[in-house]
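Contents: one structure, followed by commentary.
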Amino acid sequence: MPRIRQTALARPVEPLQIPYPKEFKGDRRHPELSEEIFISTEMADLTLDEIEVVDDFLKKLPYSQSLIFGTDLSVIQEDDPLLKLSSDQIDKLERQEGFAPSRISPNGGERTVFERVLQIRVDGNYDGNGMLSLPAGET
Amino acid sequence: MVVVRRYGAPPGAPGVSVEERPTFNILADPRYGSVWFGGIMRRGPMGTPIPVTSRKQYLEVFGDPKSSNWALYPDASQQTPDAVEGFWQNGSGAGLLWLTRIEVDGKAKRAKKVFKNSLGADVLEIEAANEGRWGGQESEITETPVLVASARSFTIIAPDTLANEYVGAEVEFEAVPGKRFTIIANTQAIGLAGEAVFTCGAQWNLLQEGVSGPSVLTGLATYDRYPNITGTITFPLLQPIVGTITVNDNVLTGSGTSFVTELNIGDSIYLGTEGRVVISITSDTTLTVDDSYTGGNVAGQTMFRDNKIVTGVGTAFDTDLSVGNMIYATIGGMRQGRTIAEITSATSLALTSGFTAALSAGTQVEQAGLTITGTTTAFTTQVQIGDYVVDPFRAGEAIKVISIPSATSLIVEKPFSGDFTGVRLAKQSKRASVKLLQPAGEGLAVEIALGESRPETHFSLRIFFNNSQVLYIPDASLDPNDSLFVDTVVSDTLGNVGYRSSGENILAWISAKSLWTSTYTTAEDSDVRPIVGSKALAVTQTRLYTVADIDYDKTISSSIFLSPYDQYRNTIRIKEAYAPVDLEGSIASIGTTVNGVSTTFLSSVTIGDYLYSPHSEEARKIVRIVSDTELLLEIAFTSNVPAQTKARKAGYLYVGVGNNLTVAIQTGNSFFVSYPMNLKGGYDGNTANMIPYYWTKYVDVDDNHVENATYGRNLGLVRLAFPGISSITVNKAGAAYAEARSYEFRCELPVYLTTAASIESYIKQELGRNDFISVAAPSYIYIASPFGAGKRMVSAVGDIMGGESLFAVNNSGYHVLFAGRAARLPRAIGLPFEIGRSDEVIANTSGVQMLKYSEGNIIVWGGRAPSLTSAYVFLHIRRCQSNYNRIFIEVDNLQELVFRPNQPELAAQFRMVLKGFARREYKKGVFSQYLTFDEAVRINTGQDVDANSSVSGGQNGDQLVEVINGVLTANFVWTPSGIVERLVINTGPSILGQM
């Protein structure tokens, strides 16, 4: 499933239906259902590639319009390499990348690996250039 | 000529008879100016086309009768209601507007509420007439553990949650008590557990606020979903009934039996293996069954009943199991679970119902796993009772911890979704509560009171929408035999009928369904009417004390019926209302002294309050508060309150000084409260994630949505639009449907197309030219915002089509275009762009009607269509032809000729009908009046009697074949009047002679 980001028009002007560019080869939210992207001031689920299309389209409008975002959905793929890390390895990654330490939960105890990965991927907007690599043997 | 009726003397009899022959008339004019809009709207029947002729009627069915603005979307997410407003404003009452509120994903829900009666039974369901938040949006997810939290989102298990159902709701986290965060989006429930992700507004960072998902526990944990029970069990399928029984038909007489205690109505009794159902138990020795046994009457028999007793060997039922737990046996390869009703000893327990087969001695059975076993865990220090353990597979809900026997053992409240072994558990102590509240003064509310003309036996229903009464049902009953049965009286009341189609009422406001299936009685103490009421616990001059299950805040300004069974009109207004309060701890009383355990009397009650005893269902005035654990009452309860009783402080309804309730109602008397109660749970569907299909399904040629609704109503041309939708897919589908059914579809151009060249290219390369469409550029206009200062961009199709309807009605047809200086859009205050004068040639020849500024107005400038053929370059010609197509196929006059004998006289009649119609059209100016009538329109029937086409003349054998084959053909060829598009003036000085 492609990475989805909740997206809406920032200004209440009009709902838009935006055709995919003919050469579009990116991810589609509904590949079998639509040749257009429908977007309004309600949060729609769009892929990052679709958001690019919308962003380009907004520049053509004769009035000012922009996007606002909710959260990312299904961002953690089952085969996400970060999920295979131990909590100690995530500590190391956070130090390397300069992310805020996420190990300790405000409720007490340690956060789950899943939740820490989510924060790194979403809040840190970290894509690891596609793959994570830690030096062998490091923990 | 054909005879259709005969009167008087029958054939062969002397006398006078009259034979009535068929007559004819010219074709009736259609209802000019008919328009259909499809779009997303806030209210109205979904997926059903409804005709409306005025804004008032429109607001009754699709809006708020008290506010034309309510139907609009303040966030501009949908534009159909704006276009409808433009249609009314520019149409000046002309035309007929058909509206279809489109259904998007099929998941929309109607708001509803089930009303109880004063006996506590569910008796009446009131449901909004159609789907959406308009009927009431209130919804809630209570105290659910947070599974994941990120800066702006959190995940909880919330099965059945629909996409964006909770937009606008507020969430409160236990981790951040007292602070509420607004939800801007939510996913539908996904996965096995039904997890839903909720997104909060960007102004908050949940992590910084202290919200967090679960935290991991040290060590590894193992859990068995179905652990074996210690020992083995035996379960016979049948159990002998104590004593012996004599069977006499269906009456069983016992000796030494205890039918009353041993059996229940509905149990089965077996003679051998033949079972009969107990239908009544008269005494310990007499009962009746539903039928006699096939073996006949017998005496002194040992009979059997279904066994529910499980007997153990080496078991420890009393320590290992609890009442309410499940035990499981594998029968025929399937695991069967049964609930424990009673545990008698370590080796005996009773089930609520038996297994479906006997289990022989030594059978191993399982129980529901409630124990987590740890390795190197520290449950006693890391977990607390009340924490939730997250399902390690995220396949089920998080389960509450109810006991922590040791560092390596946890007892949970319910089983997990499956086994797990050697996993790291995560626990969550904090929960989230999501509440979507009903904005004050909005939505549907129902107020139920005594019947208007029959207060002793009926009840009334007042329906409020956005705080205004919209419907009143003065008398209704739950008795299906009553002429005022609530189900039918609600659906037949005139003000509740939005439209009637195919013999069915399409309701505008509510539908009602009686849930009461027993005898309808309305006497005091057995009144089943859905009116909220109770017995007065205590009455003072200004206060009526009660613990009735009512929404106390909403009763303010409503009425109390003080004596509902004799003085039906004796009501008084409530000025203040205070709900009952559950008190902490438990109480017991001896005489007037009340003693509490873990109570906080000093802070939770005051002298003068009334303490309620659920034991005696009485309230007593508190006269002294001795301590947190001791109270003195003015009068003792009728019977002392037993220990461990949960106490409540009674609520009260206050009617204001100057009144004296005690003259109208006494303690113990019945009263009713009548106040508006909101419907809940309305949902519009996922209107954020849209696809073209949600629109195109309404212009599918096979589904034929519009024609199916309008056929036979002689509407002539119907012009269609999806206001605010410029989607190529949707517009192309609309054009195709218009062509298939001889309608016109008004397309919209995306607003980014701001030049004539780009518009021409868009039409030619993407939208496609089509005779049956019209299109204006820009397709959008600015109007003064109906919500306050500023402007609002709306689709122009409503304004344009309203003007077209007005012109069509004024001129009895479509030969006068809504274009030019008179074709003003009065509410338009601006355009997003204007096609320059030098580009007008491109736009005009592309078939685009331009919107432009003229003398301070915005006008429609252009009369062409993006036509494919030269015959239909101009809109009015296509419209006239389409109008004729629709008239000819639908009009009754022509249908009357079908199945008549095909004779020259009928052909003449056919021709005359058409000529009569054409003459009137000629007078209107539809045909060119530069020509005579006979030149402008040529009408003949193939079987005409004129020399050139007469069959009788023997010149055309094919026509005779047609006649025999049931075909009567007419030719109707007309020369349209042209319109002036350009005025050409040939001018110059005549110095050298004539030009």
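Protein chains in written order, with this note's numbering: chain A, 1 to 139; chain B, 140 to 1134.
Idealized CB from N, CA, C, for every residue including glycine.
| field | Where L118(A) meets chain B, residues with beta-carbon distance less than 7 angstroms | value | Counting from one through the first sequence, the residue named residue 118(A) turns up at place 118. Correct list: V287, S289.
| task | Work out the CA separation of V141(B) and L1099(B) for me, nearest whole Å. | result | Here residue 1099(B) is taken as the residue at index 960 of the second sequence, counted from 1. Here residue 141(B) is taken as the residue at index 2 of the second sequence, counted from 1. Distance between the alpha carbons of L1099(B) and V141(B) is about 20 angstroms.
| For chain B, is any of its Cβ atoms less than 9 angstroms away from the one on D27(A)? | Within the first sequence, the letter at position 27 stands for residue 27(A). Not an interface residue.
| field | Close beta carbons around S489(B), own chain, < 6 angstroms, minus the five adjacent residues each side | value | To locate residue 489(B), count along the second sequence from 1; it is residue 350. According to the sequence shown, residue 489(B) is Ala rather than Ser. Cβ within range, chain order: K447, I448, A480, E481.
| task | Starting from D214(B), find everything on chain A with Cβ-Cβ shorter than 8 angstroms and list it in chain order. | result | Here residue 214(B) is taken as the residue at index 75 of the second sequence, counted from 1. Result: P12, S40, T41, E42.
| Going along chain B, which residues have a C-beta under 9 angstroms from K92(A)? | As a working note, residue 92(A) is residue 92 in the first sequence. Simply none; closest approach about 18 angstroms.
| request: Enumerate in chain order the residues of its own chain whose CB-to-CB distance from I689(B) is below 7 angstroms, with the five nearest sequence positions on each side excluded. | output: Taking the second sequence and counting its residues from 1, one reaches residue 689(B) at position 550. These residues qualify, in order along the chain: V671, V812.
| request: Using a threshold of 9 angstroms, state whether the C-beta atoms of V390(B) and G405(B) are closer than that. | output: Reading the second sequence from its first residue, position 251 is the one you call residue 390(B). Reading the second sequence from its first residue, position 266 is the one you call residue 405(B). Contact flag unset, no.
| query | In chain A, what lies closer than 8 angstroms to Q218(B) by C-beta? | reply | Position 79 of the second sequence holds residue 218(B). Residues of chain A passing the Cβ test: E14, P15.
| said: Run through chain B and tell me which residues come within less than 8 angstroms of R5(A), C-beta to C-beta. | reply: Along the first sequence, read from residue 1 onward, the residue named residue 5(A) stands at position 5. None at all; the shortest Cβ gap to chain B is about 11 angstroms.
| message | Considering only their Cβ atoms, is the gap separating G476(B) from A438(B) smaller than 9 angstroms? | response | Your numbering for residue 438(B) matches position 299 in the second sequence. Your numbering for residue 476(B) matches position 337 in the second sequence. Not a contact, by the Cβ cut-off of 9 angstroms.
| message | Going by C-alpha to C-alpha distance, which of M442(B), T806(B), A875(B) sits closest to P379(B)? | response | For the purposes of this step, residue 379(B) is taken as the residue at position 240 of the second sequence. When each option's Cα is compared against that of P379(B), the closest is M442(B).
| field | Exposed unless 16 or more other CB atoms sit within 10 angstroms - verdict on M473(B) | value | For this step, residue 473(B) is matched to residue 334 along the second sequence. Exposed, by the Cβ-count rule.
| request: Please list the partners that I241(B) has in chain A, where partner means a Cβ-to-Cβ separation under 8 angstroms. | output: As a position in the second sequence, residue 241(B) is number 102, starting the count at 1. Those within 8 angstroms of I241(B) in chain A number zero; the least Cβ separation is about 13 angstroms.
| Cα separation between R908(B) and F163(B)? | Within the second sequence, residue 908(B) is the residue found at index 769, counting from 1. Within the second sequence, residue 163(B) is the residue found at index 24, counting from 1. Between the alpha carbons of R908(B) and F163(B) lies a distance of about 41 angstroms.
| said: Quick test of your reading: F374(B) and A497(B), contact by CB under 8 angstroms. State the CB separation rounded to the nearest angstrom. | reply: Taking the first residue of the second sequence as 1, we reach residue 374(B) at position 235. Taking the first residue of the second sequence as 1, we reach residue 497(B) at position 358. Yes, they are in contact, since the Cβ atoms of F374(B) and A497(B) sit about 6 angstroms apart, within 8 angstroms.
| query | Which word fits P101(A), buried or exposed, when buried means at least 16 other C-beta atoms lie within 10 angstroms of its C-beta? | reply | Within the first sequence, numbered from 1, the residue matching residue 101(A) stands at position 101. Around the Cβ of P101(A), a 10 Å sphere holds fewer than 16 other Cβ atoms; the residue is exposed.
| task | Let me know if A500(B) comes out buried or exposed under the rule of 16 or more other beta-carbons within 10 Å of its beta-carbon. | result | The residue you call residue 500(B) lines up with position 361 of the second sequence. Label assigned to A500(B): exposed.
| said: Please list, in chain order, the residues of the region 839 to 869 of chain B that have any C-beta partner in chain A closer than 7 angstroms. | reply: From the region 839 to 869 of chain B, only G863, I864, S865, S866, I867, T868 have a Cβ closer than 7 angstroms to chain A.
| Looking at the C-beta of T140(A), does it have a partner C-beta in chain B at a distance below 9 angstroms? | Nothing about residue 140(A) can be reported from this structure: the residues present for chain A run from 1 to 139 only.
| request: Determine whether the Cβ of A8(A) lies closer than 9 angstroms to any Cβ atom of chain B. | output: Here residue 8(A) is taken as the residue at index 8 of the first sequence, counted from 1. So, interface residue.
| query | Under 8 angstroms Cβ-Cβ, which residues of chain A neighbour F972(B)? | reply | For the purposes of this step, residue 972(B) is taken as the residue at position 833 of the second sequence. Near F972(B) (Cβ distances below 8 angstroms), the residues of chain A are P62.
| query | What does D203(B) pair with, by DSSP beta-bridge criteria? | reply | Taking the first residue of the second sequence as position 1, residue 203(B) is located at position 64. In the DSSP assignment, D203(B) forms a beta bridge with S206(B).
| message | I'd like the ranges of any beta strand (DSSP E) spanning at least 3 consecutive residues and lying wholly in the region 825 to 903 of chain B. | response | Restricting attention to beta strand (DSSP E) runs no shorter than 3 residues, the region 825 to 903 of chain B encloses them at 857 to 860, 883 to 886, ordered along the chain.
| field | L576(B) beta carbon less than 9 angstroms from that of A302(B) | value | If you number the second sequence from 1, residue 302(B) lands on position 163. If you number the second sequence from 1, residue 576(B) lands on position 437. No; because the gap between Cβ atoms is not below 9 angstroms, this pair is not in contact.
| So, is the C-beta of T112(A) closer than 9 angstroms to a C-beta in chain B? | For the purposes of this step, residue 112(A) is taken as the residue at position 112 of the first sequence. For T112(A), the answer is yes, since a Cβ of chain B falls inside 9 angstroms of its Cβ.
| task | Starting from P21(A), find everything on chain B with Cβ-Cβ shorter than 9 angstroms and list it in chain order. | result | Position 21 of the first sequence, counting from 1, holds the residue named residue 21(A). For the C-beta of P21(A), not a single chain B residue is nearer than 9 angstroms; the gap to the nearest is close to 12 angstroms.
| query | Alpha carbon to alpha carbon, how far is G952(B) from Y1011(B)? | reply | Counted from its first residue, the second sequence places residue 952(B) at position 813. Counted from its first residue, the second sequence places residue 1011(B) at position 872. The C-alpha of G952(B) lies about 17 angstroms from the C-alpha of Y1011(B).
| request: Check whether the Cβ of Y305(B) lies closer than 8 angstroms to any heavy atom of the ligand NAP, and answer yes or no. | output: Looking for the ligand NAP in the displayed structure turns up nothing, as the structure carries no ligands at all.
| query | Beta-carbon of D49(A) versus every beta-carbon of chain B: anything under 9 angstroms? | reply | Start at 1 with the first residue of the first sequence, and residue 49(A) comes out as number 49. No, D49(A) does not count as interfacial toward chain B.
| Any chain A beta carbon closer than 9 angstroms to T93(B) | The first residue shown for chain B is 140 and the last is 1134, placing residue 93(B) beyond what the model contains.
| 8 angstroms CB neighbourhood of G851(B) in its chain, flanking five on each side removed | Position 712 of the second sequence, counted from the start, is the residue given in the question as residue 851(B). Within the same chain, G851(B) has close Cβ partners E1029.
| task | Give a yes or no on whether the minimum CB-CB distance between K248(B) and chain A is below 9 angstroms. | result | Locating residue 248(B) in the second sequence gives position 109, where the first residue counts as 1. No, no contact with chain A.
| task | Taking G352(B) as the query, report the chain A residues whose CB atoms sit under 7 angstroms from its CB, ordered along the chain. | result | On the second sequence, residue 352(B) is found 213 positions in, with the first residue counted as 1. Those are R111, T112, E115, listed as they occur along chain A.
| said: Can you confirm whether P2(A), when its beta carbon is compared against all beta carbons of chain B, has any partner nearer than 9 angstroms? | reply: Taking the first sequence and counting its residues from 1, the one referred to as residue 2(A) is at position 2. It does not: the Cβ of P2(A) has no partner Cβ on chain B nearer than 9 angstroms.
| task | Determine the direct distance from the alpha carbon of Y527(B) to that of Y717(B), and round the result to whole angstroms. | result | Walking along the second sequence from the start, residue 717(B) turns up at place 578. Walking along the second sequence from the start, residue 527(B) turns up at place 388. Rounded to the nearest angstrom, the two C-alpha atoms are 35 angstroms apart.
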